[in-house]
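In order, the protein sequences belong to chains A and B. Quick note: the first sequence uses the numbering used here, first residue 1360, plus one each step. Quick note: the second sequence uses the numbering used here, first residue 1360, plus one each step. All C-beta atoms in this analysis are idealised placements derived from N, C-alpha and C, irrespective of residue type, glycine included. Quick caveat: nothing in here was measured; it's all calculated off a predicted structure. A short worksheet on the structure shown next.
2 protein chains.
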Amino acid sequence: MATATRDASASKGEQTRAAILERAVDLASAEGLEGLTIGRLAAELRMSKSGLFAHFGSKQELQLATIEAAAERFRVAVIEPALEAPDGAPRLRALGERYLEHLDLYSGGCFWGATSAEYDDRPGPVRDAVAGALDAWLGELERQARIAGVEQPERFAFELYAVIMGANARYRLSGDPKVFEYARSALARLDAELPE
Amino acid sequence: MATATRDASASKGEQTRAAILERAVDLASAEGLEGLTIGRLAAELRMSKSGLFAHFGSKQELQLATIEAAAERFRVAVIEPALEAPDGAPRLRALGERYLEHLDLYSGGCFWGATSAEYDDRPGPVRDAVAGALDAWLGELERQARIAGVEQPERFAFELYAVIMGANARYRLSGDPKVFEYARSALARLDAELPE
DNA sequence: AGAAAACACGAACGTTCGTGCTTTTTTCGC
DNA sequence: GCGAAAAAAGCACGAACGTTCGTGTTTTCT
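Following this line, the structure appears as structure tokens:
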């Protein structure tokens, strides 16, 4: 279950698989899950297409594994550190800040921003996996907002999400870091909404 | 310059070209500008690949023409109707509401949401065209915000943009129309920011 | 150390991609 | 309605796609 990076106790195959997925997440963040091509991925990792392919059995399985790896990366970088803050408002603040900072984590911008826009109109397991991960994330935001005493937790979670994804999208296209200021200012306003 | 729909005064070739682009915008909204494939587009329009291809000369030209057609559609549906409202706050309200409503216009969700996420990491004329269209749009929002007397027009434009694109992204993935309520509530709060 | 299993490779497949030519059909001004 | 010009189709190409298969080469376990 643990998709740790280069675990010495892992078998050769698991190590390779982890290295493949590491690169795959970055590639998919930039080029999308469709642009994530087996040949290109193999070339970048200097291995054969068929050798790489054997690890997954199909393109779709590779995509699903990549989504899982991205979710794991997100969990480690955003969720877990925020768990040190107590439930409610402090947790919410920590999640928002980590969420904003994690955008640098994927070299091609936010993995979820890229893939959700790509697959929202392509029904199937891949779409379901992306939607599931995002629903879980929005759900967590909503849960913490509820604990913090927000009157409309679902709306609150949506606004938080929209601000950060908007910052990612705008920064990716304009390259202007001022959007992060704007995002933080919007986040501060949301923070001010929290009771207590 | 006018990419009108089925203009009787247009030659056969122009009519065909317009019909192609009409379908191309919808297809690209759903599948992206890369998923917009010449063979598939030709099949849907019941014409030959080569016949369609001849209208553009290259895939990239087709993509650029599609972007232009999408911008035209956006202009007709959002910008022009809002021009009836006077500059400043009323114009801004009209733009926001039209902007939100226009999401239904593209069968595959917002064309700009899909394509900007797809091309933000692929340098070239296509990316430049998408970025240019979005910059123009954000610029117009900012301009109107400035006229309305907003203290930070660029931040205001960003928030407006983020809320609506967030609503599009969320609705596309979850299918829950409640996000539009949330978006409208966020829009109302932005509206309340306007002086006078 | 040797047997068994896991891993990786190269070649080839059928398809689809974008693109170039040549030919046929359609449109349109006289 | 004829003839030039424009538009559409037909056909073929090289490359890249995901995938399969047979065969070596490492790991791993006893």
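- Contacts with chain A at 8 Å (Cβ-Cβ) do not include R1505 (chain B).
- Counting only runs that start and end inside the segment 1408-1478 of chain B, the alpha helix (DSSP H) elements of at least 4 residues fall at 1408-1412, 1418-1433, 1448-1460 and 1470-1478.
- Pairing L1532 (chain B) with L1493 (chain A) gives a Cβ-Cβ distance under 8 Å.
- CA-CA distance, V1522 (chain B) to A1545 (chain B), rounds to 7 Å.
- In terms of beta-carbon proximity, D1463 (chain B) stays away from the interface with chain A, with every pair separated by 8 Å or more.
- The beta carbon of D1385 (chain A) is closer than 8 Å to those of Y1465, S1466 and G1467 in its chain, skipping five residues each way along the sequence.
- In this structure A1429 (chain A) does not touch A1441 (chain A) by the C-beta definition: roughly 18 Å separates them, more than the 8 Å allowed.
- R1529 (chain A) belongs to the set of residues whose beta carbon lies under 8 Å from a beta carbon in chain B.
- Per DSSP, G1483 (chain A) lies in no alpha helix (DSSP H) segment and is marked neither H nor E.
- Neighbours of V1538 (chain B) in chain A, taken as residues at a C-beta separation under 7 Å, are given in chain order as F1517.
- Judged by DSSP secondary structure, A1507 (chain B) falls outside any alpha helix (DSSP H); it is assigned neither H nor E.
- Residue contact with chain A for L1532 (chain B): present (Cβ-Cβ distance below 8 Å to some residue of chain A).
- Counting C-beta pairs closer than 8 Å gives fewer than three between the segment 1514-1530 of chain B and the segment 1403-1415 of chain B, which falls short of the contact rule.
- A direct Cα-Cα distance of roughly 32 Å separates P1536 (chain A) from I1506 (chain A).
- A1378 (chain A) places its beta carbon less than 8 Å from that of L1404 (chain A).
- Close CB contacts of A1551 (chain B) within its chain, under the 7 Å cut and outside five residues either way in sequence, are absent.
- Within 10 angstroms of the beta-carbon of S1407 (chain A) lie fewer than 16 other beta-carbons, which makes it exposed.
- Contact of Y1541 (chain A) with chain B is assigned, a C-beta pair being separated by under 8 Å.
- Looking only at A:N1527, A:A1448 and A:E1499, the smallest Cα-Cα distance to G1472 (chain B) is reached by A:N1527.
- In this structure, DSSP gives E1499 (chain A) a helical state, which the three-state scheme calls helix.
- Among the residues of the segment 1394-1407 of chain B, those with a Cβ less than 8 Å away from any Cβ of chain A are G1394, in the order of the chain.
- Under the DSSP assignment, G1534 (chain B) falls outside any alpha helix (DSSP H); it carries neither an H nor an E label.
- Shown here for D1446 (chain A): same chain residues with a beta carbon closer than 6 Å to its own, the five before and five after excluded, namely I1506 in chain order.
- By the neighbour-count definition (other C-beta atoms within 10 Å, threshold 16), D1487 (chain A) is an exposed residue.
- Pairing I1426 (chain A) with L1411 (chain A) gives a Cβ-Cβ distance that is not under 8 Å.
- DSSP places M1406 (chain B) in the coil class of the three-state scheme, outside both helix and strand.
- A buried status is given to A1383 (chain B), since no fewer than 16 other beta-carbon atoms sit within 10 Å of its beta-carbon.
- DSSP places T1375 (chain A) in the helix class (H, G or I) of the three-state scheme.
- If you compare the alpha carbons of A:G1483, A:E1431 and A:S1475 with that of Q1419 (chain A), the shortest gap goes to A:G1483.
- At least one CB atom of chain A sits nearer than 8 Å to the CB of R1514 (chain B).
- Closer than 8 Å to the CB of E1456 (chain B) there is not a single CB belonging to chain A.
- Of the other Cβ atoms in all chains shown, 16 or more fall within 10 Å of the Cβ of E1390 (chain B); this residue is therefore buried.
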